[in-house]
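Residue numbers (my numbering): 36 to 480. Where is the CB? At the ideal position from N, CA and C, for every residue including glycine. None of the values given here were measured: they were computed from a predicted structure.
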Ligand code: ASP
């Protein structure tokens, strides 16, 4: 029998209607034995997520503002689910106890209750035992996972129960305090369980059918990505393509557990499978592309720089002192350019430039802002001549000016920098070159 860790995100558990879909999904496959849930999310676009309301509740408490209205909203959401499904779990008492003890609760504890109450109800509804994350997940003070302690606890719980429902997002510190992960951290909980349980697959159910090859706000009806490697995903997520919490990838990757992104509202869709390698033939020469605005380049030129050892290091250490992370460093013989995020240098740009001049006395230093970076990602690009040529040719034909090019030696990503105003068009042109054209050629055969 295979073992699946099955995690449902906030929109999948937002109402009794969504709970019913979850039950159908879990019951459709006996391998779905360990279920992780988020707190109820939005039911419609102007709705509130329970976790947002809990943060708001905490803010009211901190500033001594009456929190009863916010608490009422939270309570009603849970009671509505409970009543509509005819459940018995006595959460009213626990909710009342929470309302009465808000002042002695920490922020972490308050915001963790969304997942807690949701998992309690889901456990009863599925007929599975409830296992509290506070009893199992051990989180260190720097928010890293205490793997040894968590493994020992989880193994014990697995021995006791062949299946259970588990709340995502939180755990406990060594001194007994509830700690939460960063927002969206229910994905991380699922990945931790999948890692320790050595699951055959980590299913992550959400409200989209996996990753798309490009942003649907830019490209009309982009093709879905059915298979992607962890490293391709990392490149695309870094550029803003987000469906899954970034920290959820590493625990799964470490034990080579495939992550399957699926849609609770369209369970028949194939979704996206993320894994180390896959032999499934790729339909296109690229896997996907993503881009984001808000970058800046700092160009530095010094006559005979190439003969001066340590020149680049001195410039980079100035940026390090100002806590600026570096995105790319394309270089010439006597010049190089550092690409950084505008928001990171916004408050200190003039000090940084002054410091660079003082340290290395360049002949020229030039700043260009409003740069967008676009990454075209695909493992099939590596060792495959022609992809870069086609990409630059297509952009050239469309008269898109490229201000920077970067490709590292693993060859799974070509990043180009363009003026921000060209961001959407660049994505469209690259998509059309590699995807639309391929489809047209197929149709013509
Ligand atoms: N409920 C938490 C949040 O909204 C965690 C999660 O949904 O994964 O951020």
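Sequence-distant Cβ neighbours of residue 310 in its own chain, meaning closer than 6 Å and more than five residues away, are 293. By DSSP's assignment, residue 147 forms no beta bridge with any residue.
Under the DSSP assignment, residue 324 falls in the beta strand (DSSP E) whose first and last residues are 323-336. Residue 445 sits exposed, since fewer than 16 C-beta atoms from the chains shown fall within 10 Å of its C-beta. The beta carbons of residue 398 and residue 456 sit no closer together than 8 Å. Annotation: residue 442 to residue 329 spans about 20 Å, alpha carbon to alpha carbon.
Between residue 305 and residue 264 a beta carbon distance of about 17 Å is seen, past the 8 Å cut, so the two are scored as non-contacting. Within its own chain, the residues whose Cβ lies closer than 8 Å to the Cβ of residue 117, once the five positions on either side in sequence are excluded, are 124, 126 and 156, listed in chain order. Assigned with DSSP and collapsed to three states, residue 122 falls in coil, not helix or strand. Annotated as distal: residue 404 and residue 340, with beta-carbon spacing of 8 Å or more.
Between the segment 134-148 and the segment 78-89 there are three or more inter-stretch CB-CB distances shorter than 8 Å, so the stretches are counted as touching. The C-alpha of residue 358 lies about 33 Å from the C-alpha of residue 322.
Nearest C-alpha to residue 131 among 227, 107 and 77: 107. In this structure, residue 73 has its CB closer than 7 Å to one or more heavy atoms of ligand 1. When only Cα atoms are considered, residue 203 and residue 192 end up about 16 Å apart. In this structure residue 102 is buried. Its beta-carbon is surrounded by 16 or more other beta-carbon atoms within 10 angstroms. In this structure residue 391 is not in contact with residue 438, their Cβ atoms being roughly 20 Å apart against a cut-off of 8 Å.
Note: residue 42 is bridge-paired with 71 and 239 in the DSSP secondary-structure output.
Looking at the DSSP output, residue 202 bridges to 72.
For residue 220, no pairing in a beta bridge is given by DSSP. Between residue 128 and the set 166, 429, 114 and 140, the nearest pair of CA atoms involves 114. For residue 303, there is no enclosing beta strand (DSSP E), as DSSP marks it with neither H nor E. Distances between the C-beta of residue 149 and the heavy atoms of ligand 1 include at least one below 7 Å. Within 10 angstroms of the beta-carbon of residue 119 lie fewer than 16 other beta-carbons, which makes it exposed. Within a 10 Å sphere around the beta-carbon of residue 312 sit fewer than 16 other beta-carbons, which makes this residue exposed. Of the other Cβ atoms in all chains shown, 16 or more fall within 10 Å of the Cβ of residue 232; this residue is therefore buried.
Proximity of the beta carbon of residue 41 to ligand 1 is not indicated: no heavy atom of the ligand is located closer than 7 Å. Straight-line spacing of the CA atoms in residue 432 and residue 347 works out to 35 Å. For the options 99, 37 and 372, the alpha carbon positioned closest to that of residue 401 is the one of 372. When DSSP states are grouped into helix, strand and coil, residue 446 belongs to the coil group. In this structure, the alpha-carbon of residue 94 lies about 22 Å from that of residue 207. At least one heavy atom of ligand 1 lies closer than 7 Å to the C-beta of residue 220.
Residue 75 counts as buried, since at least 16 other C-beta atoms from the protein chains shown sit within 10 angstroms of its C-beta. Nearest to residue 362 by C-alpha distance, out of 295, 450, 283 and 181, is 450.
The beta strand (DSSP E) runs of length 3 or more contained entirely in the segment 414-479 are, from start to end of the chain, 437-442 and 448-454.
In this structure, the C-beta of residue 206 stays at least 7 Å away from each heavy atom of ligand 1.
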